[in-house]
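What follows is one structure encoded as structure tokens, with my remarks underneath.
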RNA sequence: GGGCUCAUAGUCUAGUGGCAAAACCGCUCGUUUACACCGAGCAGUCCGCGGUUCGAUCCCGCGUGAGCCCACCA
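Shown next, in the form of structure tokens:
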């Protein structure tokens with residue numbers, strides 16, 4: 009016998025040979041899955057019954073963040089369950105097209121896309137993506153996301169570009185795409201048109217100044233309040249409300265714009281609010297969308313002062329060339345010098361900014377491409393209603409968004425990196441020439457086209473498609489990887505709720521416009537991760553990195569945490585939840601050690617079961633039934649908590665304790681019945697748990713169960729089936745009663761400050777005593793009762 | 001201003017038309033043939049007010065508070 013080093017107990021604990029080393033195990037298991045291609049799609053096995061998932065392709069624009077790890081875990085629970093149940097198509101892709109990727113490249117390579125030629129920049133993007141994508145994807149693999157990485161798409165690869173351009177051409181031919189000059193939402197930082205869905209609110213401090221306009225001829229003051237004095241040179245009219253008595257006598261006259269030698273008409277318009285500011289509204293081209301509407305309505309000629317790069321043009325006179333903010337400051341200074349400001353106050357107001365860069369947006373008339381959606385709101389809502397939303401209330405968010413649409417879908421971007429718009433324009437005939445399908449993917453800048461009418465060389469379209477114009481085709485792109493063996497509607501679209509208005513909406517739109525189908529039958533919408541109740545964001549500095557969490561707790565623990573909140577609910581990140589997960593994993597590991605310690609040389613075989621064992625198996629059957637139903641309903645959190653409860657309390661705390669005596673001290677059928685039950689119930693438990701904690705369950709499976717089960721991986725084993733048993737409810741009540749009495753006995757021992765092993769004489773009510781009779785030996789052993797009497801409940805210590 | 005969601009132990013979350021549950025924390029004990037990363041025990045006006053009901057934490061209405069989305073933002 010080895011001598012125990014008594015003094016150094018702590019070190020001994022660290023070296024516990026049976027401890028579960030999650031870092032080693034998880035990395036080993038991950039490699040095993042990759043090597044054995046456990047999650048690779050076998051095209052020949054895809055069929056009607058295959059559960060197909062329109063996996064979100066994460067944007068290659070940094071690292072996996074905690075929100076990703078949360079929502080991808082949740083979708084992976086469902087994917088893994090379905091894989092065991094019926095087989096899945098769970099493709100993988102990355103979204104590396106368009107502005108987010110461009111911005112990433114600009115940042116990491118310290119370049120400006122607009123300063124480079126298009127082809128140079130694209131080359132740099134593709135090269136950089138090649139470098140960074142494998143590392144980027146690695147985080148998802150470490151998390152145990154079981155998508156098919158071997159057969160992945162990128163939204164900028166040739167195939168995706170081809171499909172995206174094909175979609176553009178089809179919609180153009182259907183008359184659903186149009187090209188129009190229009191004051192559109194413009195980001196002066198990114199220098200591109202953007203879509204309504206890319207707007208975000210931001211609070212900004214601002215100066216609210218009341219300016220002295222003059223009435224022409226009379227030279228009377230006309231006071232107008234504004235936060236945007238730099239738009240004075242763009243002022244084309246002033247509005248007063250027709251009901252506003254104060255200004256009745258000036259309607260129809262002209263107003264003189266301060267600092268600028270411009271006279272503009274004074275018009276009546278309902279949109280002028282009597283209560284706001286001075287009641288006089290200046291109309292600029294363009295301050296906001298309502299300016300654009302108003303100018304249109306009154307047929308006023310706009311005077312554009314902003315260049316696409318956010319500087320002022322020649323109409324701004326001496327302010328030409330200044331950036332918006334600079335001009336604002338200078339104009340305010342000059343106004344003050346000439347005593348043209350009557351009042352000024354500091355306010356904070358909410359402005360629209362571009363979600364990618366936080367820059368305040370402007371309205372600049374440019375020629376852009378649009379997909380018609382405004383005339384189809386009703387149909388698009390109807391399409392949304394055909395989909396099962398999990399949770400249901402997320403459907404409402406979709407409907408609200410569609411109802412609130414104000415613009416057609418703006419799909420062109422004045423950028424370099426993206427899917428090119430496959431069009432040419434003959435400036436003579438005003439003819440649009442569209443690429444042919446066999447030419448796709450195509451870059452019009454690299455290919456000369458002649459106008460079919462006048463035969464002159466047409467101008468290639470320089471703009472690219474918005475990244476959503478491509479990612480809205482992820483079902484079709486994924487299908488093309490598997491010879492279209494799976495087509496829409498897919499079974500499931502998982503995603504988070506922030507992109508209902510973009511990804512979900514645009515995908516529904518495209519599938520409707522192209523095929524008049526919904527893209528999926530179900531969608532599961534994940535919530536967000538918060539920290540102390542607040543949304544995590546880099547600017548607040550309250551970001552938790554999943555990579556750090558993975559290092560200290562492991563994937564299974566992180567996933568266990570992600571399974572803790574119900575679908576659609578936000579979850580507050582708390583480290584203690586990771587601790588809980590890790591403890592649970594340890595518990596499983598230790599319980600497994602116990603089971604197999606007692607199953608040496610055991611081969612599973614049917615035996616006549618002892619009553620206690622039968623009760624446990626019945627209870628387990630109920631667990632299988634419930635867990636299955638929960639997973640069917642996307643209620644992974646209920647599945648988690650029920651499995652957890654069963655495993656820890658029914659199985660480990662109670663059953664294992666009860667059965668110990670029989671395992672240690674008996675032989676023959678009594679022992680075999682216990683062994684059979686331990687083996688089978690643990691096997692079932694780890695299978696039920698496999699979708700949520702794929703690593704430890706695989707490790708246990710490989711180590712102990714594989715040799716009898718013969719399937720390569722637990723994750724492609726068949727999902728456990730609940731056996732039909734008679735009187736299940738009765739049996740479960742019986743089981744619970746036994747546990748409840750046991751618990752009361754333990755309570756008494758605790759109260760008396762006695763050991764659990766203290767021997768007792770137990771007195772039970774008649775009914776309870778009868779219940780115990782069936783499992784008498786086991787029960788006496790676990791409670792250390794020497795005798796069980798009938799009467800009022802009592803525990804006597806010997 | 002409109003829509004949606006949430007409100008349960010000190011904290012964070014489950015859950016249910018009829019004894020309200022787990023985890024973390026704290027306290028009191030126990031324990032060494034799986035596990036001290038253990039076992040047993042101790043915690044709540046289930047936001048307020050009305051209604052439906054034999055019975056409401058749960059269903060309905062109103063209110064309060066928080067979050068998210070949208071709109072407004074001279």
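Numbering (my numbering), first residue to last: 9 to 806. All C-beta atoms in this analysis are idealised placements derived from N, C-alpha and C, irrespective of residue type, glycine included. Everything numeric in this text was worked out from a predicted model, so none of it was measured.
Proximity to residue i [Cα-Cα], best of the options
| i | options | result |
| --- | --- | --- |
| residue 739 | 759, 774 and 782 | 782 |
| residue 446 | 60, 170 and 710 | 170 |
| residue 540 | 550, 534 and 532 | 550 |
| residue 96 | 754, 53, 123 and 116 | 53 |
| residue 466 | 443, 472 and 482 | 443 |
| residue 806 | 799, 792 and 31 | 792 |
| residue 573 | 647, 228 and 439 | 647 |
| residue 724 | 39, 144, 44 and 753 | 44 |
| residue 787 | 799, 736, 667 and 803 | 667 |
| residue 433 | 413, 600, 412 and 461 | 461 |
| residue 184 | 328, 334, 416 and 42 | 416 |
| residue 453 | 424, 435 and 436 | 424 |
| residue 382 | 363, 412, 451 and 346 | 412 |
| residue 437 | 459, 430 and 450 | 459 |
| residue 523 | 497, 505 and 134 | 497 |
| residue 66 | 46, 48, 103 and 30 | 103 |
| residue 364 | 118, 208 and 80 | 208 |
Beta-carbon spacing of residue i, residue j below 9 Å
| i | j | result |
| --- | --- | --- |
| residue 192 | residue 418 | yes |
| residue 531 | residue 553 | no |
| residue 804 | residue 771 | yes |
| residue 395 | residue 571 | no |
| residue 579 | residue 569 | yes |
| residue 240 | residue 265 | yes |
| residue 597 | residue 508 | no |
| residue 77 | residue 123 | no |
| residue 94 | residue 118 | no |
| residue 689 | residue 663 | yes |
Contacts around residue i, its chain only, beta-carbon distance under 6 Å, and the 5 residues preceding and following it disregarded
| i | result |
| --- | --- |
| residue 302 | 291 |
| residue 214 | 235, 355 and 357 |
| residue 136 | 113 |
| residue 331 | 318 and 319 |
| residue 18 | In this prediction, residue 18 has a pLDDT of 35, which is less than 50 and means its spatial position is unreliable; nothing more can be read from the coordinates. |
Other residues of its chain near residue i: CB distance less than 7 Å, five sequence neighbours each side excluded
| i | result |
| --- | --- |
| residue 105 | 163, 164, 426, 427, 475 and 478 |
| residue 100 | 63, 155, 156, 157 and 160 |
| residue 87 | 61, 96, 98 and 154 |
| residue 359 | 210, 212 and 368 |
| residue 406 | 392, 508, 512 and 513 |
| residue 656 | 595 |
| residue 705 | 694, 697, 698 and 722 |
| residue 35 | none |
Span of the beta strand (DSSP E) around residue i
| i | result |
| --- | --- |
| residue 236 | It is not in any beta strand (DSSP E) - residue 236 carries neither H nor E in the DSSP assignment. |
| residue 217 | 207-223 |
| residue 290 | 288-292 |
| residue 498 | 498-504 |
| residue 378 | 370-379 |
Cβ neighbours of residue i in the same chain (closer than 8 Å, five flanking residues each side left out)
| i | result |
| --- | --- |
| residue 575 | 82, 398, 399, 532, 533, 534, 535, 642, 643, 644 and 645 |
| residue 410 | 385, 388, 389, 392 and 513 |
| residue 251 | 282 |
| residue 224 | 261, 262, 263, 264 and 271 |
Residue i: first and last residue of the uninterrupted alpha helix (DSSP H) it sits in
| i | result |
| --- | --- |
| residue 154 | Segment: none, residue 154 is in no alpha helix (DSSP H) and carries neither H nor E. |
| residue 67 | Careful: residue 67 lies outside any alpha helix (DSSP H) and carries neither H nor E. |
| residue 390 | 385-394 |
| residue 111 | 107-117 |
| residue 91 | 74-93 |
Beta-carbon separation (whole angstroms), residue i vs residue j, contact threshold 8 Å
| i | j | result |
| --- | --- | --- |
| residue 811 | residue 681 | Given a span of 9 to 806 for the chain in the structure shown, any question on residue 811 remains unanswerable. |
| residue 281 | residue 321 | Not really, about 30 Å apart at Cβ, beyond 8 Å. |
| residue 519 | residue 526 | 6 Å |
| residue 233 | residue 217 | 7 Å |
| residue 632 | residue 696 | 7 Å |
| residue 485 | residue 39 | Actually they are not in contact, since the Cβ atoms of residue 485 and residue 39 sit about 28 Å apart, beyond 8 Å. |
| residue 109 | residue 421 | Not a contact, Cβ separation roughly 12 Å. |
Residue i: CB within 8 Å of a non-hydrogen atom of the ligand ZN
| i | result |
| --- | --- |
| residue 721 | Absence of the ligand ZN is noted for the structure shown, with no ligands found whatsoever. |
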